[in-house]
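Novice: Got a structure for you, questions after.
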Amino acid sequence: MQNPGVYDFTHKIATYEVGEQSTLTLSSLLRLCQQASEEHLAALDLPYERLKRDGFVFLFVRTHITLIGLPGHGETISITTKPCGVSGAQFYRSFDLRSAGTSESFAQVLQASVLADSRTHKIQRPKLFLQYGVDPGGKPETILTRLALPEELPPLGERPIRYSDLDYNGHLNNAVYADILCDFLPGGMFGTQISELQIDYHSEALYGETLKLYGEKRGSEIWFRGVHERGLSFEASLVVQRY
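Structural data, given as structure tokens:
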């Protein structure tokens with residue numbers, strides 16, 4: 000059984016990856032994490048194309064981000080990623096993000112995903128992944144639990160799902176959820192810094208559907224819920240600071 004070890008990914012931040020605050024956007028951060036994990040799998044001879052050809056895809060279930068700060072345009076960053084084990088049907092992976100040449104993290108990300116049928120997106124048993132000879136690890140040290148939000152949250156607006164939102168699995172890209180949270184943040188993103196974020200992905204949002212968004216700010220925490228025609232799509236919790 001092959002030990003996947005860790006994978007290091009280096010990237011120079013481009014103009015299209017920063018936002019109004021001249022720092023890396025949350026959605027760009029998530030895309031870079033996705034790129035790092037895909038390159039790690041490719042280095043293990045398990046690129047997306049091979050997995051999909053075999054009838055498998057990985058789908059995100061939960062993402063937790065801790066932010067100390069965000070780098071700006073032109074800065075070079077290093078991402079170290081590694082599998083952290085399996086809990087139930089969920090595969091865990093961590094990401095440590097640093098400015099290149101330093102040992103201090105500016106962000107830490109923990110993600111949980113499931114192995115799913117590439118056509119039906121039905122969750123598959125984790126042991127099916129063992130056929131590739133890659134050890135996913137033991138039990139994770141940290142388990143992400145489902146957010147416990149109030150049942151009733153005030154409406155914030157609606158967000159149609161457009162063609163440009165879709166990823167190669169045919170549904171709303173996981174990184175776009177971060178853009179939606181910023182766009183509908185109570186009080187707006189101007190003068191706001193996010194220090195912690197968790198997104199629970201419950202049901203894929205598809206092209207042509209409309210997300211009805213609900214949310215509320217209580218102290219430094221903001222709660223979000225997104226609902227589409229078929230039911231609950233996602234929930235999220237953010238910790239913010241004003242400056």
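Letter 118 of the sequence shown, counting from 1, is numbered 117 in numbering that gives the first Met the number 0, and no numbers are missing. Cβ atoms here follow ideal geometry from the backbone N, Cα and C, with glycine treated the same way. It should be emphasised that the depicted structure is a prediction, and the values quoted were computed from it without experimental measurement.
Roughly how many angstroms lie between the CA atoms of Asp44 and Glu38, to the nearest whole one?
Specialist: To locate residue 44, count along the sequence shown from 1; it is residue 45. To locate residue 38, count along the sequence shown from 1; it is residue 39. Cα to Cα, Asp44 sits roughly 10 Å from Glu38.
Novice: Could you give the DSSP three-state label for Leu114: helix, strand or coil?
Specialist: Within the sequence shown, residue 114 is the residue found at index 115, counting from 1. Three-state DSSP puts Leu114 in a strand.
Novice: What beta strand (DSSP E) runs, 3 residues minimum, are completely inside the segment 69-94?
Specialist: Whole beta strand (DSSP E) segments, 3+ residues: 75-86.
Novice: Look at the alpha carbon of Leu69 and the alpha carbon of Asp199, and state the distance between them as a whole number of angstroms.
Specialist: Position 70 of the sequence shown, counted from the first residue, corresponds to residue 69. Position 200 of the sequence shown, counted from the first residue, corresponds to residue 199. Using only the alpha carbons, I get a separation of about 22 Å.
Novice: Taking Arg241 as part of the beta strand (DSSP E), name the residues at either end of that continuous run.
Specialist: Taking the first residue of the sequence shown as position 1, residue 241 is located at position 242. Where Arg241 is concerned, the enclosing beta strand (DSSP E) stretches over 230-241.
Novice: On the DSSP letters alone, give me the boundaries of the alpha helix (DSSP H) that Gln34 sits inside.
Specialist: In the sequence shown, counting from the first residue as 1, residue 34 sits at position 35. Here the alpha helix (DSSP H) through Gln34 covers 25-42.
Novice: By the DSSP assignment, the beta strand (DSSP E) with Val175 in it spans what residues?
Specialist: Position 176 of the sequence shown holds residue 175. Taken as a continuous stretch (DSSP letters only), Val175 belongs to no beta strand (DSSP E), being part of the alpha helix (DSSP H) at 175-182.
Novice: Using 8 Å as the Cβ pair cut-off and three pairs as the minimum, do the segment 114-132 and the segment 99-106 touch?
Specialist: As far as the Cβ criterion goes, the segment 114-132 does not touch the segment 99-106, which means the pair count is below three.
Novice: Among Lys81, Asn168, Thr75, Leu237, which has the Cα closest to the Cα of Asp116?
Specialist: Within the sequence shown, the letter at position 117 stands for residue 116. When each option's Cα is compared against that of Asp116, the closest is Asn168.
Novice: Within the continuous beta strand (DSSP E) that includes Leu213, where are the two ends?
Specialist: Along the sequence shown, read from residue 1 onward, the residue named residue 213 stands at position 214. Residue identity differs from the one stated: residue 213 is Tyr in this sequence, not Leu. Residues 209-217.
Novice: Compute the distance between the beta-carbons of Ile221 and Leu165, then report whether it is under 8 Å.
Specialist: Translated into the one-based positions of the sequence shown, residue 221 becomes position 222. Translated into the one-based positions of the sequence shown, residue 165 becomes position 166. Their beta carbons are not under 8 Å apart, which means Ile221 does not touch Leu165 by this criterion.
Novice: Does DSSP put Pro159 in a helix, a strand or coil?
Specialist: In the sequence shown, counting from the first residue as 1, residue 159 sits at position 160. Pro159: strand per DSSP, three-state reduction.
Novice: Can you round the beta-carbon distance between Pro135 and Val85 to whole angstroms, since I take them to be within the 8 Å contact cut?
Specialist: One-based indexing of the sequence shown puts residue 135 at position 136. One-based indexing of the sequence shown puts residue 85 at position 86. That pair is a contact at about 5 Å.
Novice: Can you tell me whether Gln123 is helix, strand or coil according to DSSP?
Specialist: Within the sequence shown, numbered from 1, the residue matching residue 123 stands at position 124. Coil at Gln123, not helix or strand.
Novice: Tell me, please, whether the segment 229-238 touches the segment 82-100 by the rule of three or more beta-carbon pairs shorter than 8 Å.
Specialist: Too few Cβ pairs lie closer than 8 Å, so no.
Novice: Could you name the residues of the same chain whose beta carbon sits closer than 7 Å to that of Tyr242, not counting the 5 residues immediately before and after it, in chain order?
Specialist: By 1-based counting over the sequence shown, the position of residue 242 is 243. Contacts found: Gly190, Gln192.
Novice: Where do the N-terminal and C-terminal ends of the beta strand (DSSP E) with Arg145 fall, by residue?
Specialist: For the purposes of this step, residue 145 is taken as residue 146 along the sequence shown, with counting starting at 1. First-last for Arg145: undefined, no H or E at that position.
Novice: So, helix, strand or coil for Leu205, using DSSP?
Specialist: Position 206 of the sequence shown, counted from the first residue, corresponds to residue 205. In the structure shown, Leu205 sits in a strand (DSSP, three-state: E or B).
Novice: Cα separation between Gly218 and His63?
Specialist: Mapped onto the sequence shown, residue 218 falls at position 219. Mapped onto the sequence shown, residue 63 falls at position 64. For Gly218 and His63, the distance between alpha carbons rounds to 20 Å.
Novice: Would you identify the three-state DSSP class for Lys138, choosing helix, strand or coil?
Specialist: Counting from one through the sequence shown, the residue named residue 138 turns up at place 139. DSSP places Lys138 in coil when its eight states are reduced to three.
Novice: Where do the N-terminal and C-terminal ends of the beta strand (DSSP E) with Glu195 fall, by residue?
Specialist: Taking the sequence shown and counting its residues from 1, the one referred to as residue 195 is at position 196. 191-200 is the span of the beta strand (DSSP E), which, as asked, contains Glu195.
Novice: When you compare each of Glu19, Gly207, Leu146, Ser36 to Ser163 by their alpha carbons, which one comes out closest?
Specialist: Against the sequence shown, residue 163 aligns to sequence position 164. Closest by alpha carbon: Gly207.
Novice: Going by the CB atoms, is the gap between Thr75 and Thr9 shorter than 8 Å?
Specialist: If you number the sequence shown from 1, residue 9 lands on position 10. If you number the sequence shown from 1, residue 75 lands on position 76. Their beta carbons are under 8 Å apart, which means Thr9 touches Thr75 by this criterion.
Novice: Helix, strand or coil: how does DSSP classify Asp7 here?
Specialist: Position 8 of the sequence shown, counted from the first residue, corresponds to residue 7. Strand.
Novice: Leaving out five residues on either side along the sequence, give the residues of the same chain with a beta carbon under 7 Å from the beta carbon of Pro159.
Specialist: Taking the first residue of the sequence shown as position 1, residue 159 is located at position 160. Correct list, in chain order: Thr209.
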